[in-house]
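Engineer: What follows is a structure written as structure tokens; I'll ask about it next.
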Amino acid sequence: MAPQVFNLAQTPITCHAFSPDHSQVAVSLNSNDAQIYTRQGSSWTLTETLSEHDKLITSIDWALNSNRIVTASQDRNAYVWQQTPDPDTGKLIWKPTLVLLRINRAATHVRWSPKEDKFAVASGARAIAICSFDPENNWWVSKLLKKPIRSTVLSVDWHPNNVLLAAGSADMKARVFSAYIKEVDDKPAASVWGSKLPFNTICGEYASPAGGWVHAVAFSPSGDALAFASHDSSISIVYPGGPAIYNIRISSLPFVTLTWTAEDTVVAAGHDCQPVVFTGSEGGWQGVGSLDDSSTAKAAGPRSGLSGGVGRLNSVAFSTFREADSRGHTGGGVSTDTKLTTVHQNTITSVRPYEYSGGRVTKVSTSGVDGNLVIWDADSVSAVAGRIGGMRV
Amino acid sequence: MDTAFRKIDIDVYDEDVLQEEELFDADPREPAQVLSDAKQRQVAVRSALAKSDVLGALNIVLENAPYGPNVEEAKTVNLSTLLNILNTTKSADIPNVIKGLSQDGQDTLMKYLYKGMALPGGGDINWSILLGWHEKLTEVAGTGCIVRTMTDRRTV
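Which chain is which? The protein sequence lines are A and B, in order. Quick note on full-length UniProt numbering: the first sequence kicks off at 1 and runs consecutively. Quick note on full-length UniProt numbering: the second sequence kicks off at 1 and runs consecutively.
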């Protein structure tokens, strides 16, 4: 099935989060406001604007069971938004609650825990705020994970057991922490990551192979494996039980976001403008192809021929310069078409699971700097020529 | 308007500032040993080149290449050994030699190409030869290889 493409804006979409029933999507259009779009047939209309932050919103997450939205911003604050009836009109409105994060730098990423009783906020203050609700005082309180983080935390992801948290940081490391909160959590069962897990236990620390910032981290559905993507154009999969780390260096531009779609499959996307699929198991990992099917691409120039099929370099404009360089063609027939042959026309900022079926993610959604929101069929992978082999470290 | 405040090094007021050395694992070898390794390799490369084994010579020079602080002399020796190989390889042989390298080898070779192009020309350094290798290496290893050269703090 061809991907569904929706152009929401002419500005970048920093992040996106769908409502539980997929009828609405919350996005940040690179501004101080979070905007909620409602689906009407095949288009999306702006229905609500959540204004409270006074600097750019960096991340949004929508709790699927409790229907609450959390937003994080460069203003060092996070708000939890809950729908409550307006006292005058009785209409449901989103009401913000300020969260005391106690950080002195921007908040960069936010994610609800699986049970939705906690959330984690990554920040530039070399800390991750683990927030839980204090019913006595009726507010959200935070506890900071600090050691041994040496730089900005760029992403977080929760383990299915609601206690372990993975974090990717600009100090070139991906780490697994315990975010156990006595008042909220039951004692977690022992897992491959360890058995005794008081708050701030380091269960694993993994360096990116060629010293790139770790942009994205994610636990596998079972929680027994960890994937991370870093700015050295590589993706790594960690099996702590093995112990084994599989590192795949890709031949194109770095990924900035990734998600697991099954225990053996990861979708990663980023500066190359197309979602790429990797599969493997404890025995090894490899890249299998792109969700961006080249045959549906617009009739804009050849796609193959360039090494690794770099999406961003596959534009008519690029070919024009290359022709001029290699054959001396100038003028005459110069195309003004600057469209890329990929669906997204710029960096993909976020890839998230969209639809589940039989324990697998069957559809994923992406948002990009081009202002597009795209829903992809996660199983329609078009093979790239020459598989990218995994290397065991 | 006074803009001098922009030049203030605010990091000195931070007692927990991130140091350059914390960004990568240091070479476990002593600087003196790194230097003697580099010199030994120079000899090994010469004998490999005498048998016109370009790939073998490249593998020798790219493996365990000196990086990090305090090994400037070893770095210079290794660079000149490498340039010697690059300058004597026939351009028709380049693609096959590059394909024979490991991914690590390709990444390290790219680091040396950029280092070479950053230095003033003359002597061993012939920019057009470096550019020729750069073109062929990018065809094989892609833009990802260039990205890794830029991110890696283990500079050669």
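The beta carbon of each residue, even a glycine, is placed where N, CA and C say it ideally should be.
Under the DSSP definition of a beta bridge, which residues are partnered with S123(A)?
Structural biologist: A107(A)
Engineer: Check this for me: beta carbons of N87(B) and A38(B), under 9 Å apart or not?
Structural biologist: no
Engineer: Using a Cβ-Cβ cut-off of 9 Å, state whether R249(A) counts as contacting chain B.
Structural biologist: Judged by the 9 Å Cβ criterion, R249(A) is in contact with chain B.
Engineer: Compute the distance between the beta-carbons of I237(A) and A225(A), then report whether it is under 9 Å.
Structural biologist: yes
Engineer: Pairs of beta-carbons, one from the stretch 216 to 233 of chain A and one from the stretch 162 to 177 of chain A, closer than 8 Å: are there three or more?
Structural biologist: yes
Engineer: How about V369(A) and Y354(A): are their beta carbons less than 9 Å apart?
Structural biologist: no
Engineer: So with CB distances below 8 Å, who are the chain A contacts of L131(B)?
Structural biologist: Going along chain A, no residue has its Cβ under 8 Å from L131(B), so there is no contact; the nearest lies around 12 Å.
Engineer: So that I know if they touch, is there some Cβ in chain A lying closer than 9 Å to that of Q40(B)?
Structural biologist: For Q40(B), not one C-beta of chain A is nearer than 9 Å to its own C-beta.
Engineer: Any idea what DSSP makes of K51(B), helix, strand or coil?
Structural biologist: Of the three classes helix, strand and coil, the one that applies to K51(B) here is coil, per DSSP.
Engineer: So, is W140(A) buried or exposed, given that buried needs 16 or more other C-beta atoms within 10 angstroms?
Structural biologist: buried
Engineer: Throw me the rounded Cβ distance for the T201(A) and S178(A) pair, which I believe falls under 8 Å.
Structural biologist: 4 Å
Engineer: Taking CB distances under 9 Å as the criterion, tell me whether H231(A) reaches chain B.
Structural biologist: yes
Engineer: From this set, A190(A), K182(A) and Y79(A), which residue's C-alpha is nearest D33(A)'s C-alpha?
Structural biologist: Y79(A)
Engineer: Run through chain A and tell me which residues come within less than 9 Å of A65(B), C-beta to C-beta.
Structural biologist: Going along chain A, no residue has its Cβ under 9 Å from A65(B), so there is no contact; the nearest lies around 13 Å.
Engineer: Under DSSP, the alpha helix (DSSP H) around H134(B) begins and ends at which residues?
Structural biologist: W127 to T151
Engineer: Could you tell me whether any Cβ in chain A is nearer than 9 Å to the Cβ of A141(B)?
Structural biologist: For A141(B), the closest Cβ of chain A is nearer than 9 Å.
Engineer: Give me the Cα-Cα distance between D86(A) and T97(A), rounded to the nearest whole angstrom.
Structural biologist: 15 Å
Engineer: Measuring straight from C-alpha to C-alpha, what distance separates G284(A) and Y246(A)?
Structural biologist: In this structure, the alpha-carbon of G284(A) lies about 7 Å from that of Y246(A).
Engineer: Do T108(A) and V256(A) have their C-beta atoms within less than 9 Å of each other?
Structural biologist: Judged by beta-carbon spacing, V256(A) lies beyond the 9 Å limit of T108(A), meaning their Cβ atoms are not closer than that value.
Engineer: Taking all protein chains shown into account, decide if W127(B) is buried (16 or more other Cβ within 10 angstroms of its Cβ) or exposed.
Structural biologist: With a threshold of 16 other beta carbon atoms within 10 Å, W127(B) falls short and is exposed.
Engineer: Which runs of the beta strand (DSSP E) at least 3 residues long sit entirely within the stretch 228 to 303 of chain A? Give them in chain order.
Structural biologist: Taking only runs of at least 3 residues, the beta strand (DSSP E) segments lying wholly in the stretch 228 to 303 of chain A are 234 to 239, 244 to 249, 255 to 262, 265 to 270, 276 to 281 and 284 to 290.
Engineer: In terms of residue numbering, what span does the alpha helix (DSSP H) encompassing Y80(B) cover?
Structural biologist: Tyr is not the amino acid found at residue 80(B); the sequence shown has Ser there. E72 to T88 is the extent of the alpha helix (DSSP H) around S80(B).
Engineer: So, are the CB atoms of A129(A) and S142(A) less than 9 Å apart?
Structural biologist: yes
Engineer: Classify G305(A) as helix, strand or coil using the three-state DSSP reduction.
Structural biologist: With a pLDDT of only 33 at G305(A), under 50, the local geometry of the prediction cannot be trusted, and no value is derived from it.
Engineer: Quick check on N77(A): buried or exposed, where buried means 16 or more other Cβ atoms within 10 Å of its Cβ?
Structural biologist: Classification of N77(A): buried, given that the 10 Å Cβ count is 16 or more.
Engineer: Straight-line CA distance for L373(A) to V71(B)?
Structural biologist: 50 Å
Engineer: Can you list, in chain order, the residues of the stretch 203 to 219 of chain A whose Cβ is nearer than 7 Å to any Cβ on chain B?
Structural biologist: Against chain B - using a Cβ distance shorter than 7 Å - the residues of the stretch 203 to 219 of chain A are A210, G211 and G212.
Engineer: Please report the residue range of the alpha helix (DSSP H) in which R39(A) lies.
Structural biologist: Taken as a continuous stretch (DSSP letters only), R39(A) belongs to no alpha helix (DSSP H), being part of the beta strand (DSSP E) at D33 to Q40.
Engineer: Determine whether the Cβ of S151(A) lies closer than 9 Å to any Cβ atom of chain B.
Structural biologist: yes
Engineer: Under a three-way DSSP split, which group does T155(B) fall into?
Structural biologist: coil
Engineer: Do we get a CB-CB distance below 9 Å when we pair S252(A) with the residues of chain B?
Structural biologist: yes
Engineer: Got a sec: which bits of the stretch 161 to 187 of chain A sit with their beta carbon under 8 Å from any beta carbon on chain B, in order along the chain?
Structural biologist: Taking 8 Å as the upper bound on Cβ-Cβ separation, chain B lies near residues D171 and M172 of the stretch 161 to 187 of chain A.
Engineer: State the beta-bridge partners of R175(A) as determined by DSSP.
Structural biologist: A167(A) and E205(A)
Engineer: Could you pull the DSSP bridge partners for residue 396(A) from this structure?
Structural biologist: Any question about residue 396(A) goes unanswered here, given that chain A covers just 1 to 393.
Engineer: Taking the DSSP output, what are the residues bridged to K143(A)?
Structural biologist: Beta-bridge pairing by DSSP links K143(A) to I130(A).
Engineer: Taking only the alpha-carbon atoms, compute the straight-line gap between D264(A) and A170(A) and give it to the nearest angstrom.
Structural biologist: Per the coordinates, the alpha-carbon of D264(A) lies some 27 Å from the alpha-carbon of A170(A).
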